[in-house]
Structure formats: structure tokens, C-alpha cells
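Worksheet for the structure shown next.
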Amino acid sequence: MSDRGPMLAAVHAGPLRFETKEFPIPEPPEGWALVRVARCGVCGSEKHGLNRAPTRDGRICGQELSGVIVEASPDSDFSEADAVMVHPALSCGVCATCREGLWARCENRPRSDHGPTNAFAEYIVAPPHLIRKIPDGMD
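Numbering (our numbering), first residue to last: -13 to 125.
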């Protein structure tokens, strides 16, 4: 995206309370994709955290997302407008546990305030190993 304007995101503001705030559209790190979020759910473990005060100010919640590729690395398997789902466990993809498919136990977990566990937003960024294409004809 040449013109990265603002996006809206729902920020955890208190027990079962959210506020809508404006953020810059995230810039994907090299090799990652920018995804426009279409749908997002709340996982069971996140639901319990939403009943409490936020652990840090301005946290964007949301996991279990589907969306559309906006930008992808030219050497990835993704193209603009691909419908995708994104695994919520942000991980490096190259450590021993990631190579075993145990992404939630990543030894070198990358940090992102706009990754797949922050999907109550219009856009997120994700590494390609966490992205799966949604088959044509599936909503």
C-alpha cells in the first residue's frame, strides 16, 4: 500500500469494555504479509482475560481471524486478494519447536502489536507460515 492511512481497532479498555482507537496501518516486516481482517472471533483463553482489567494499555485483542491478502512478499505463495485464515500463535517458523509445528511454544517469538493475536483491527501483519488460503467457494 503506497498510502498507509489510519485504521480503526478495538482496544481492551476494562472488564468486557472496548474503545475504538485509530492506529497507523502496520508495515509488514520483510517476508510477511499485510492482511485486511474480514472476520475475527474470541478464543476461550482470551475470553477469560477480557473479564479483567487490561494487562497493558492499548492492547488490541482478537484471534481466530480470516481476511484478504493486501500485500505479500513476491517469493511467497500468496497474491493480493487471496482469502486467507491466519493461525493466531505468532512464531518465528524456524526454531526447533516451530519446525515441529508447535508454534505456540516458539523459542524466538517475534513481537508485533499488529499480529494475528491483535485482530480486532482492520489490518494485521503475519509471517507466511501462519497463513492458509481459504478454498474458493468457501465463505
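Where a beta carbon is used, it is the ideal one built from N, C-alpha and C, also for glycine. Note that the structure is a prediction, hence the values are computed from the model and not measured.
| request: May I have a chain-ordered list of the alpha helix (DSSP H) segments no shorter than 4 residues that lie completely inside the segment -8 to 45? | output: If we require 4 residues or more, the alpha helix (DSSP H) runs fully inside the segment -8 to 45 come out as 30 to 36.
| Per DSSP, which one or two residues make a beta bridge with ALA185? | No information on residue 185 is available, as it lies outside the stretch -13 to 125 that the chain covers here.
| Taking the C-alpha atoms as reference points, what is the distance between ASP46 and VAL56? | Counting from one through the sequence shown, the residue named residue 46 turns up at place 60. Counting from one through the sequence shown, the residue named residue 56 turns up at place 70. Position check: residue 46 holds Ile in this sequence, whereas Asp was assumed. Using only the alpha carbons, I get a separation of about 20 Å.
| task | Please confirm whether ARG23 and GLY53 have their CB atoms less than 8 Å apart. | result | Locating residue 23 in the sequence shown gives position 37, where the first residue counts as 1. Locating residue 53 in the sequence shown gives position 67, where the first residue counts as 1. Here residue 23 is Val; the residue named in the question, Arg, does not match the sequence. For VAL23 and GLY53, yes; Cβs fall inside 8 Å.
| task | Determine contact between the segment 77 to 88 and the segment 29 to 39, defined as no fewer than three beta-carbon pairs at a distance below 8 Å. | result | Counting Cβ pairs under 8 Å, fewer than three are found: no touch.
| ALA112 - partner residues in DSSP beta bridges | As a working mapping, residue 112 is identified with position 126 in the sequence shown. BP columns for ALA112 point to ALA19.
| request: Just tell me which of LEU116, PRO14, GLU108, CYS84 has its CA closest to the CA of LEU(-6). | output: By one-based count along the sequence shown, residue -6 stands at place 8. Out of LEU116, PRO14, GLU108, CYS84, GLU108 has the C-alpha closest to the C-alpha of LEU(-6).
| task | My understanding is that PRO121 touches GLY17, with C-beta atoms under 8 Å, so please give their C-beta distance in whole angstroms. | result | Against the sequence shown, residue 121 aligns to sequence position 135. Against the sequence shown, residue 17 aligns to sequence position 31. Actually they do not touch by this definition, with Cβ atoms about 24 Å apart.
| task | State yes or no: is the C-beta of ALA105 within less than 8 Å of the C-beta of CYS29? | result | In the sequence shown, counting from the first residue as 1, residue 105 sits at position 119. In the sequence shown, counting from the first residue as 1, residue 29 sits at position 43. Cβ atoms of ALA105 and CYS29: not closer than 8 Å.
| query | Under 8 Å, do ALA112 and VAL21 count as touching if we go by C-beta distance? | reply | For the purposes of this step, residue 112 is taken as the residue at position 126 of the sequence shown. For the purposes of this step, residue 21 is taken as the residue at position 35 of the sequence shown. Contact: yes.
| task | State the start and end residues of the unbroken beta strand (DSSP E) segment that holds ARG118. | result | On the sequence shown, residue 118 is found 132 positions in, with the first residue counted as 1. Residues 117 to 119.
| Helix, strand or coil: which one does DSSP assign to ALA107? | In the sequence shown, counting from the first residue as 1, residue 107 sits at position 121. Looking at ALA107 - three-state DSSP - the assignment turns out to be strand.
| request: For the alpha helix (DSSP H) holding ARG85, just list the boundary residues, first then last. | output: As a position in the sequence shown, residue 85 is number 99, starting the count at 1. Counted as a single uninterrupted DSSP element, the alpha helix (DSSP H) harbouring ARG85 occupies residues 82 to 85.
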